[in-house]
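Heads up, the sequence shown is in the numbering used here, so the first residue is 42 and it goes up one at a time.
Yeah, the Cβ is synthetic: ideal placement off N, Cα and C, and Gly gets one too.
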Amino acid sequence: MLSVVVPCYNEEAGISECHRRLSAVLAQTGDPYELVYVEDGSRDRTHALLLALAEVDAHAVVVRLSRNFGHQAAVSAGLEVARGNAVVIIDADLQDPPEAVLDMVALWKAGSHVVYGVRIHRTGESRFKLWTAKAFYRLINRLSDIDIPLDTGDFRLMDRRVVEVLLHMPERHRLLRGMCAWAGFRQTPLPYRRAARYAGTTSYPLGRMINLALDGIVSFSTVPLRMLTFVGFGAAFLSLVGILYALGVRVLTQHWVPGWATLFVGVLFLSGLQMISLGIMGEYLGRVYTEVKQRPLVVIASVRRAGEPFPSPEHSWKGTAPPAENVARLLP
Ligand code: UDP
Ligand code: MG
């Protein structure tokens with residue numbers, strides 16, 4: 042069976058078209074399939090529309106999160122619920138062409154464990170987004186010991202084995218494409234043309250993009266911490282030069298400089314360095330903190346699957362105090 046995970050956040054305008062196109066493509070494979078829609082706490086009619094879809098199409102599984110947890114967490118919830126031997130992740134806005142899923146399935150059947158989409162063309166995105174995305178991947182590949190292929194997003198097919206690896210990575214700050222690259226196995230690129238959004242607007246404004254980038258760098262690399270050490274050594278060396286100079290002037294000459302400017306610049310520079318260092322340490326410390334809290338990644342409010350009781354007792358809360366075994370579903 043093939044599962045397709047579709048995270049949806051405020052997608053009421055495009056969700057029906059998305060379902061129509063995905064269903065048409067999946068029917069062509071001839072294999073059994075399920076469409077796992079993860080409704081990520083939308084504020085519009087997305088959930089109602091999804092439930093209506095599930096009413097008429099038994100392939101649709103509707104997962105509802107208890108609030109908006111963000112794209113990466115929504116996809117993680119979808120991976121958790123999906124039951125297929127292979128799982129495809131695709132955006133609800135039809136920027137990733139559903140037709141490419143056919144090629145992914147073919148490559149999977151030919152023996153690939155991961156087939157990741159590589160964007161060869163992106164329409165409808167600002168120059169700024171394209172440029173920053175490129176810079177981000179260059180940076181992360183340089184800083185970390187894994188290689189995230191350039192120009193990939195989360196549009197990909199993963200074999201059940203890879204999905205299990207991801208589900209056993211309980212980290213809270215998730216960059217799925219990085220975790221998937223980390224998991225290894227046989228990974229094959231699939232070039233595709235990225236379209237413009239079918240409807241609605243992007244929910245990845247600049248702030249969220251920066252957060253995602255920071256998560257990626259900090260979760261896959263400790264190089265920034267090491268850089269701090271080097272910067273520290275550099276600053277110490279500079280200070281040594283300064284100290285020797287000051288002593289020399291004081292001892293060997295009669296006219297010692299008042300030196301206000303030097304002092305001022307030195308203090309500003311060093312305190313700036315210290316603040317940056319503290320900030321970088323804070324990034325790591327903050328993440329250690331969220332990891333040790335061991336909270337669940339997402340809270341699944343309900344799962345609607347054809348032929349099974351709704352809300353599914355496996356995933357949904359009963360009453361106001363949720364039982365711990367439900368909360369812990371995503372922990373190893
Ligand atoms: N999405 C989500 N939760 C969020 C934000 C986005 O589930 O908090 C979904 C959204 O519905 C879409 C996908 O993630 O299916 C990608 O989001 P978007 O198209 O806004 O990002 P972009 O393609 O502009 O990077
Ligand atoms: Mg999009």
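With H, G and I counted as helix, E and B as strand and the rest as coil, what does DSSP make of residue 341? Position 300 of the sequence shown, counting from 1, holds the residue named residue 341. Three-state result, residue 341: strand.
Per DSSP, residue 228 forms a beta bridge with which residues? Position 187 of the sequence shown, counted from the start, is the residue given in the question as residue 228. Bridge partners of residue 228: 155.
Can you tell me the Cα-Cα spacing of residue 182 and residue 91, whole angstroms? Start at 1 with the first residue of the sequence shown, and residue 182 comes out as number 141. Start at 1 with the first residue of the sequence shown, and residue 91 comes out as number 50. Between residue 182 and residue 91, the C-alpha separation is close to 38 angstroms.
With respect to the beta strand (DSSP E) encompassing residue 193, which residues constitute its N-terminal and C-terminal limits? What you label residue 193 is simply residue 152 of the sequence shown in a count that begins at 1. From DSSP, the beta strand (DSSP E) with residue 193 extends over 193 to 200.
So, is residue 149 buried or exposed, given that buried needs 16 or more other C-beta atoms within 10 angstroms? Your numbering for residue 149 matches position 108 in the sequence shown. Residue environment for residue 149: buried (at least 16 other C-beta atoms within 10 angstroms of its C-beta).
Can you give me the start and stop residues for the beta strand (DSSP E) that residue 48 sits inside? The residue labelled residue 48 in the question sits at position 7 within the sequence shown. Where residue 48 is concerned, the enclosing beta strand (DSSP E) stretches over 43 to 49.
If we call anything under 9 angstroms between Cβ atoms a contact, is residue 17 one with residue 131? In the structure as shown, the chain starts at 42 and stops at 373, and residue 17 therefore has no counterpart that could be examined.
Specify whether the region 234 to 246 and the region 203 to 217 touch according to this definition: at least 3 beta carbon pairs, one from each stretch, less than 8 angstroms apart. Three or more Cβ pairs closer than 8 angstroms define a contact, and the region 234 to 246 falls short of that threshold against the region 203 to 217.
Can residue 244 be considered in contact with ligand 1, in the sense that its beta carbon sits closer than 8 angstroms to one or more heavy atoms? Taking the first residue of the sequence shown as position 1, residue 244 is located at position 203. Result yes, Cβ under 8 angstroms from ligand 1.
Per the DSSP calculation, residue 162 is bridged to which residue(s)? Counting from one through the sequence shown, the residue named residue 162 turns up at place 121. Partner residues in the beta bridge of residue 162, as assigned by DSSP, are 234.
Beta-carbon proximity of residue 125 to residue 220, cut-off 9 angstroms: Here the question's residue 125 lines up with position 84 in the sequence shown. Here the question's residue 220 lines up with position 179 in the sequence shown. Cβ distance not < 9 angstroms, so residue 125 and residue 220 don't count as in contact.
Bounding residues of the beta strand (DSSP E) (the contiguous stretch that carries residue 80): The count along the sequence shown starts at 1 and reaches residue 80 at position 39. Residue 80 -> beta strand (DSSP E) spans 74 to 80.
Do the CB positions of residue 159 and residue 122 come within less than 9 angstroms of each other? One-based indexing of the sequence shown puts residue 159 at position 118. One-based indexing of the sequence shown puts residue 122 at position 81. Not in contact: residue 159 and residue 122 (Cβ atoms no closer than 9 angstroms).
Residue from 262, 310, 302 whose Cα sits closest to the Cα of residue 272: Position 231 of the sequence shown, counting from 1, holds the residue named residue 272. Of the candidates 262, 310, 302, 310 places its Cα closest to the Cα of residue 272.
Among the candidates 344, 316, 152, 275, whose CA atom is the shortest distance from the CA of residue 202? As a first step, residue 202 must be located in the sequence shown, where it is residue number 161. Minimum Cα distance to residue 202 is reached at 152.
Using 8 angstroms as the cut-off, can you tell me whether the region 105 to 122 makes contact with the region 340 to 348, which would need three or more C-beta pairs spanning the two stretches below that distance? Remark: three or more beta-carbon pairs, one from each stretch, lie closer than 8 angstroms, so the region 105 to 122 and the region 340 to 348 are flagged as touching.
What does residue 95 pair with, by DSSP beta-bridge criteria? Counting from one through the sequence shown, the residue named residue 95 turns up at place 54. DSSP lists no beta-bridge partner residue for residue 95.
Coarse secondary structure for residue 61, derived from DSSP in three states: Translated into the one-based positions of the sequence shown, residue 61 becomes position 20. In the three-state reduction of the DSSP assignment, residue 61 falls in the helix class.
Neighbourhood of residue 204 by C-beta, 6 angstroms cutoff - its chain only, sequence neighbours within 5 removed: Position 163 of the sequence shown, counting from 1, holds the residue named residue 204. Taking residue 204 as the centre and dropping the five residues before and after it, the same chain places the C-beta of 120, 128 closer than 6 angstroms to its C-beta, in chain order.
Residue 135 and residue 62 closer than 9 angstroms at C-beta: Your numbering for residue 135 matches position 94 in the sequence shown. Your numbering for residue 62 matches position 21 in the sequence shown. Going by C-beta atoms, residue 135 is nearer than 9 angstroms to residue 62.
Work out the CA separation of residue 232 and residue 276 for me, nearest whole Å. Position 235 of the sequence shown, counting from 1, holds the residue named residue 276. Position 191 of the sequence shown, counting from 1, holds the residue named residue 232. Cα to Cα, residue 276 sits roughly 46 angstroms from residue 232.
Do you know whose CA, among 176, 105, 193, lies nearest residue 87's CA? For the purposes of this step, residue 87 is taken as the residue at position 46 of the sequence shown. Residue 105 is the option with its Cα nearest to residue 87.
Between 83, 67, 176, which lies nearest to residue 54 when the distance is taken from Cα to Cα? Start at 1 with the first residue of the sequence shown, and residue 54 comes out as number 13. Just measuring C-alpha positions, the residue of 83, 67, 176 sitting nearest residue 54 is 83.
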